[in-house]
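J.:
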Amino acid sequence: MKRLFFLIVLAAAASYYFLGDAGLVVLPWGGGGSYKFVPRGEGRALLVTKGDSKVDFTVGRDVDETFMLFGAQTDAGAEYLSAWFAGITMPTAIALYKRYPDFHMCKSAGAAEAQRSVQDLSVVSDQAAVRDELAAFVKDFHERIRSGGRRLCLRLVGHELELNSWEYGGAKMAFGSDLKKNNLFVDRVEAYDCQELLTGKKSL
1 MKRLFFLIVL AAAASYYFLG DAGLVVLPWG GGGSYKFVPR GEGRALLVTK GDSKVDFTVG
61 RDVDETFMLF GAQTDAGAEY LSAWFAGITM PTAIALYKRY PDFHMCKSAG AAEAQRSVQD
121 LSVVSDQAAV RDELAAFVKD FHERIRSGGR RLCLRLVGHE LELNSWEYGG AKMAFGSDLK
181 KNNLFVDRVE AYDCQELLTG KKSL
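Everything in the sequence shown is counted per this note's numbering, starting at 1 for the first residue and increasing by one.
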């Protein structure tokens, strides 16, 4: 939860602080960028150039997963990202809901178990339309939280990505396992009212 709070605070400042070869640097973010899939061995790599960042990913398995959101920011975490989310997979969320219908509330007996199930999701997309949708869903998420409305669920369709290298302004950036994993290339995104999925009124 500390990491979640840290990223949200940084997102509000519209910049990201990261320790690179040259020390502490501030990474602003913006839209656009260049995205190129290239063959690598028996698979593919994704090369992203965005602003002063050059990023190399290995493209992994196909992904079609729906998450109940507990955090959302546009371009949060690093310049090359399209969005960042914190969420619980729907099978896990449904299992929690059956035992603790209020598990998404801090006062719930199931809150601690829910927190342990939250995953960080760093999302990259080469499509302007998808990035616009992601931005709209991030806004919707925060509006729902402020108004006490129902939680938002997102279906993300694309591929897993593994971060191999990241350069910023020509300097190699150091990163931990939390940034290496949990990256997704998304070419389709859909939003749902979580309550309808949790209660079975709507199925995917």
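No residue lacks a Cβ here, since even glycine has one placed at the ideal position from N, Cα and C.
All figures in this text were calculated on a predicted structure; none of them were measured in a lab.
#1: In terms of alpha-carbon separation, which member of Ser125, Asp187 and Lys139 lies closest to serine 147?
#2: Shortest alpha-carbon distance to aspartate 211 belongs to which of Asp132, Glu190, Glu133 and Val124?
#3: Which same chain residues end up closer than 6 angstroms to tyrosine 44 when comparing Cβ atoms and leaving out the 5 residues on each side of it in sequence?
#4: Report the partner residues of isoleucine 88 according to the DSSP bridge assignment.
#5: Applying the 10 Å Cβ sphere with the 16-neighbour rule, what's the burial state of cysteine 225?
#6: To which residues of the same chain is threonine 49 closer than 7 angstroms at the C-beta, ignoring the five residues directly before and after it?
#7: Leaving out five residues on either side along the sequence, give the residues of the same chain with a beta carbon under 8 angstroms from the beta carbon of alanine 208.
#8: Considering only the beta carbon of each residue, do leucine 197 and methionine 90 sit closer than 8 angstroms?
#9: Taking the alpha-carbon positions, what's the threonine 199 to aspartate 64 distance?
#10: Would you call the CB atoms of glycine 158 and aspartate 52 closer than 8 angstroms?
#11: Below 8 angstroms between beta carbons: does that hold for arginine 191 and phenylalanine 103?
#12: Taking its Cβ as the centre, do 16 or more other Cβ atoms sit within 10 Å of alanine 78, making it buried, or is it exposed?
#13: Over the uninterrupted alpha helix (DSSP H) stretch that includes cysteine 194, give me the two end residues.
#14: How about glycine 158: is its C-beta nearer than 8 angstroms to some C-beta of chain C?
#15: Would leucine 134 be called buried (16 or more neighbouring beta carbons within 10 Å of its own) or exposed?
#16: Quick one: is lysine 54 buried, meaning 16 or more other Cβ sit within 10 Å of its Cβ, or exposed?
#17: Hey, could you find the ends of the beta strand (DSSP E) aspartate 120 is sitting in?
#18: Of the residues Ala112, Glu143 and Asp178, which one's Cα is nearest the Cα of glutamate 162?
#19: Could you tell me if serine 82 is buried or exposed, where buried requires 16 or more neighbouring beta carbons within 10 angstroms of its beta carbon?
T.: Reading it off the structure:
#1: Checking every option, the nearest Cα to that of serine 147 belongs to Lys139.
#2: Outside the shown range of the chain, which is 1 to 204, sits residue 211, and nothing can be said about it.
#3: Strictly speaking, residue 44 in this sequence is arginine, with tyrosine absent from that position. Cβ neighbours of arginine 44 beyond the five flanking positions: Phe37 and Val59.
#4: Met68, per the DSSP bridge assignment.
#5: As shown, the chain starts at 1 and ends at 204. That puts residue 225 outside it, with no answer to give.
#6: Around threonine 49: Gly33 and Ser34.
#7: Nothing in the structure corresponds to residue 208, since the chain is present only between 1 and 204.
#8: In contact: leucine 197 and methionine 90 (Cβ atoms closer than 8 angstroms).
#9: Spanning the two alpha carbons is a distance of roughly 21 angstroms.
#10: Not a contact, by the Cβ cut-off of 8 angstroms.
#11: It is worth fixing the name first, because residue 191 is alanine in this sequence and not arginine. No, these two residues do not count as a Cβ contact at 8 angstroms.
#12: So alanine 78 ends up on the buried side.
#13: Following the DSSP letters along the chain, one finds cysteine 194 inside the alpha helix (DSSP H) bounded by residues 194-198.
#14: Note that chain C does not occur in the displayed structure, where there is just one protein chain.
#15: Counting of Cβ neighbours within 10 angstroms places leucine 134 among the buried residues, the total reaching 16 or more.
#16: It counts as buried.
#17: Boundaries of the beta strand (DSSP E) harbouring aspartate 120: 119-124, taken from the DSSP string.
#18: Taking each of Ala112, Glu143 and Asp178 in turn and checking the Cα distance to glutamate 162, the smallest one comes out for Asp178.
#19: Buried is the call here.
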